[in-house]
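**Q** Sharing a structure below in structure tokens format, with a few things to ask.
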Amino acid sequence: MAHIHPPGFPIERGKIHEFANSLLDDDPLYHDLDAALAAGLPSVVAPPTFSSAAAFFPDPNAQGMSMKGLDLRFLLHGGQELVFERPIFAGDELHSEPGETTSWEKEGRRGGTMKFIRNEMIWRDKAGEIVLRIFNTLIQTAGVVKD
Amino acid sequence: MREKIWNQVKVGDEYSFEMKDVNRSSFVRYAGAGGDFNPIHHDQTFAEKAGLPTVFGMGMYTAGVLGRVPSEWFGPTSIRRYSIKFTSRIWADDTVLCHGRVTKVYEEGGVRHADLELKATNDKQEDLIRAEATVRDWQP
Numbered sequence: 206m207a208h209i210h211p212p213g214f215p216i217e218r219g220k221i222h223e224f225a226n227s228l229l230d231d232d233p234l235y236h237d238l239d240a241a242l243a244a245g246l247p248s249v250v251a252p253p254t255f256s257s258a259a260a261f262f263p264d265p266n267a268q269g270m271s272m273k274g275l276d277l278r279f280l281l282h283g284g285q286e287l288v289f290e291r292p293i294f295a296g297d298e299l300h301s302e303p304g305e306t307t308s309w310e311k312e313g314r315r316g317g318t319m320k321f322i323r324n325e326m327i328w329r330d331k332a333g334e335i336v337l338r339i340f341n342t343l344i345q346t347a348g349v350v351k352d
Numbered sequence: 118m119r120e121k122i123w124n125q126v127k128v129g130d131e132y133s134f135e136m137k138d139v140n141r142s143s144f145v146r147y148a149g150a151g152g153d154f155n156p157i158h159h160d161q162t163f164a165e166k167a168g169l170p171t172v173f174g175m176g177m178y179t180a181g182v183l184g185r186v187p188s189e190w191f192g193p194t195s196i197r198r199y200s201i202k203f204t205s206r207i208w209a210d211d212t213v214l215c216h217g218r219v220t221k222v223y224e225e226g227g228v229r230h231a232d233l234e235l236k237a238t239n240d241k242q243e244d245l246i247r248a249e250a251t252v253r254d255w256q257p
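Chains A and B supply the protein sequences, listed in that same order. So in this note's numbering, the last spot in the first sequence is 352, and the numbers never skip. So in this note's numbering, the last spot in the second sequence is 257, and the numbers never skip.
Written out as structure tokens, the structure reads:
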């Protein structure tokens with residue numbers, strides 16, 4: 206059976222609850238709608254790295270990582286930077302679009318020449334306002350890297 | 118939000134917690150919640166075939182755990198920026214120490230901000246993640 210995916214990334218209370226639980230985070234603003242409303246928020250908040258769950262909601266753009274010309278055997282995820290314009294709340298419906306990609310090379314000590322690729326994904330809400338920018342850095346090494 | 122912390126915060130302030138009992142189920146629970154079902158993170162047979170002694174956790178799992186430092190400390194709505202660098206893998210049975218330190222306190226656009234340096238280390242004192250965050254006194 207093929208996987209079917211809706212467009213965009215709907216932010217849901219149940220998913221936020223499950224995600225926060227997996228990190229053993231019991232902050233009521235992630236779990237308790239009444240606590241969130243009492244704090245003046247529209248709904249429960251998504252934890253800082255919640256957007257990583259969206260990479261598996263394959264909006265055709267959502268991965269944001271162009272794998273073209275990369276050797277997947279020797280590809281590392283070097284890091285990620287998240288820049289929030291505002292918090293993400295349950296009820297948000299986010300869509301992503303690719304931003305800029307930059308790349309550079311560096312001589313590595315352990316795996317020969319390393320190529321760094323930094324991809325930007327821009328996330329907007331239903332009103333078209335930017336909510337979040339995600340920058341992923343991928344590292345292409347010349348061979349296997351040991352820890 | 119969190120009026121008290123914003124009135125007290127100063128450079129050098131620290132916050133940390135220890136995450137004990139990280140195990141295979143932690144990775145599986147995160148896979149279910151986050152959607153990363155790469156078998157290298159849950160399937161022992163697959164991991165052994167790849168030449169590993171056992172499964173290791175997702176980098177974003179560790180990043181999520183470390184993200185509790187700024188969110189517990191300054192509140193879930195305070196996160197302006199969270200920037201992480203993966204340095205080592207997390208393994209089942211690791212104990213993870215998550216630590217944060219304030220490096221700068223300032224105002225921007227009339228809103229109070231703080232910069233933090235963050236680190237997740239295992240019980241062998243190896244860095245798993247080095248990170249930075251900017252938090253701000255965000256108001257709804």
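Glycine is no exception: its CB is placed at the ideal position from the N, C-alpha and C atoms. Bear in mind the structure is a predicted one, so any value in this text is a computation, not a measurement.
In chain B, which residues lie with their C-beta within 7 Å of the C-beta of A/T254?
**A** M177, A180, G181 and G184
**Q** Taking all protein chains shown into account, do 16 or more other C-beta atoms lie within 10 angstroms of the C-beta of A/A243, making it buried, or fewer, making it exposed?
**A** exposed
**Q** How many whole angstroms separate the CB atoms of B/T251 and B/R198, which I take to be in contact at a CB cut-off of 8 Å?
**A** 4 Å
**Q** For A/G333, name the three-state secondary structure that DSSP assigns.
**A** The DSSP-derived three-state label of A/G333 is coil.
**Q** For B/F203 and B/V182, what's the separation of their Cα atoms in angstroms?
**A** 13 Å
**Q** In chain B, what lies closer than 8 Å to A/L287 by C-beta?
**A** One finds I196, R198, Y199 and S200 in chain B with Cβ atoms closer than 8 Å to the Cβ of A/L287, taken in chain order.
**Q** Would you say B/R229 faces chain A, with C-beta separation under 8 Å as the test?
**A** Taking CB atoms only, B/R229 has no neighbour in chain A less than 8 Å away.
**Q** I'd like the list of long-range same chain contacts for B/D211, defined as Cβ closer than 7 Å, with 5 residues on each side in sequence excluded.
**A** V139, N239 and D240
**Q** Classify B/H159 as helix, strand or coil using the three-state DSSP reduction.
**A** coil
**Q** Does the Cβ-Cβ distance between A/P253 and B/I196 come in under 8 Å?
**A** Yes, the Cβ-Cβ distance between A/P253 and B/I196 is below 8 Å.
**Q** By the 10 Å Cβ neighbour count, where 16 or more other Cβ atoms means buried, how is B/R253 classified, buried or exposed?
**A** buried
**Q** Determine the closest residue to B/T220 out of B/R206, B/F144, B/Q242 and B/A248, with distance taken between C-alpha atoms.
**A** B/A248
**Q** Comparing C-alpha positions only, which one of A/N324, A/S308 and A/A347 sits nearest to A/T318?
**A** A/A347
**Q** Short of 8 Å Cβ to Cβ, which residues in the segment 214 to 231 of chain A face chain B?
**A** K220, E223, F224, N226, S227, L228, L229 and D230
**Q** Using only alpha-carbon positions, find the residue among B/A167, B/N155 and B/E165 that is nearest to B/G174.
**A** B/N155
**Q** Buried or exposed for B/S142, please, with buried defined as at least 16 other CB atoms from any protein chain shown within 10 angstroms of its CB.
**A** Exposed.
**Q** Who pairs with A/N341 in a beta bridge, going by DSSP?
**A** Answer is A/Q285 and A/N324, bridged to A/N341.
**Q** Measure the Cβ-Cβ separation of A/P215 and A/E290 and say whether it is below 8 Å.
**A** no
**Q** Could you check the C-alpha separation between B/Y147 and B/R119 for me, to the nearest Å?
**A** 28 Å
**Q** Enumerate in chain order the residues of its own chain whose CB-to-CB distance from B/D130 is below 8 Å, with the five nearest sequence positions on each side excluded.
**A** R218 and V219
**Q** Excluding the 5 residues flanking B/Q108 on each side, which residues of the same chain have their C-beta closer than 6 Å to its C-beta?
**A** Lying before the first or after the last residue shown, residue 108 of chain B is absent from chain B, which here runs from 118 to 257.
**Q** Is B/T251 helix, strand or coil by DSSP?
**A** strand
**Q** Given a cut-off of 8 Å on the beta-carbon distance, is the pair B/M136 and A/L229 in contact?
**A** yes
**Q** Which residues in chain B sit within 7 Å of A/S257, going by Cβ to Cβ distance?
**A** Neighbourhood of A/S257 in chain B, by CB distance below 7 Å: G151 and M177, in chain order.
**Q** Can you confirm whether B/E189, when its beta carbon is compared against all beta carbons of chain A, has any partner nearer than 8 Å?
**A** yes
**Q** Which residue marks the beginning of the alpha helix (DSSP H) containing B/S195, and which one marks its end?
**A** Careful: B/S195 lies outside any alpha helix (DSSP H) and carries neither H nor E.
**Q** Taking 7 Å as the limit between beta carbons, can you name the residues of its chain near A/I327, skipping five residues before and five after?
**A** Closer than 7 Å at the Cβ level, and outside the excluded window around A/I327, lie S301, E302, G304, I335 and R338.
**Q** Under 8 Å, CB to CB, which of the residues in the segment 127 to 152 of chain B have a partner in chain A?
**A** M136, S143, R146, Y147, G149, A150, G151 and G152
**Q** Name the DSSP beta bridge partners of B/R218, please?
**A** Answer is B/E131 and B/E234, bridged to B/R218.
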